[in-house]
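Shown next, in structure tokens, is the structure this report addresses.
Here you go:
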């Protein structure tokens, strides 16, 4: 653990937080560990990541309108970006996985690594506070967004289209999860008010949401 703490640049007071952040649900289920898995930490880490990234963009890009800020934040916190961040610290080598997840390539699966990266952010936040979490996040986010990326974020584009009409509301709903833990497939619908306007299927919820938004935009002729 100490070697990994050197890599991430943070030494934990509560080592169990780090251990939990690195524990995949498949391992926890297989070994019936009392510590639990990293899914709740992932939930918190997602919010911390979003806040830190939004604040960084707000303070450092005063010329960006709201739409541009949203696009850059989405780029920085998407699964593809988090997967790249996780690889920089060799996070896959640290994650505790079940035998099945290990055999099917879980250590290099983008969804597994991106979720663990968010869990790690939450663990640092809970152990050391927002300043330590911010320091860790910006180590990756700052250089990444300054590349001035060219990317297509279908969810943001769809949101911008819908916001032109006041009172319209978008919702993304997971309608099914199939397959074993190590190879899940998510089906997501995007609803405009009560109407289904797009569907997406992928190995992660985030990708399925992007696919659903893409289909909705195509339906609109955009």
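Numbering (the numbering used here), first residue to last: 3 to 224. Cβ coordinates follow ideal geometry from the N, Cα and C atoms, glycine included.
Residue 72 carries a helical assignment under DSSP once its states are collapsed to helix, strand and coil. Ranked by Cα distance from residue 109, the first of 135, 126, 26 is 26. Contact check for residue 215 and residue 201: beta-carbon distance about 10 angstroms, past the 8 angstroms limit, so the pair fails to qualify. With a cut-off of 8 angstroms on Cβ pairs, the stretch 33-47 is in contact with the stretch 118-133, counting three or more such pairs. Put simply, the stretch 186-201 touches the stretch 169-176. At least three CB pairs are less than 8 angstroms apart. Taking the CA atoms as reference points, residue 86 sits about 23 angstroms from residue 133. The residue among 212, 16, 24 with its C-alpha nearest the C-alpha of residue 158 is 212. Boundaries of the beta strand (DSSP E) harbouring residue 189: 187-194, taken from the DSSP string.
Closest option to residue 218, judged by alpha-carbon separation, among 100, 193, 209, 205: 193. Residue state for residue 156 is assigned as helix, using DSSP reduced to three classes.
Per the DSSP secondary-structure output, residue 179 pairs in a beta bridge with 188. Judged by DSSP secondary structure, residue 167 falls outside any alpha helix (DSSP H); it is assigned neither H nor E.
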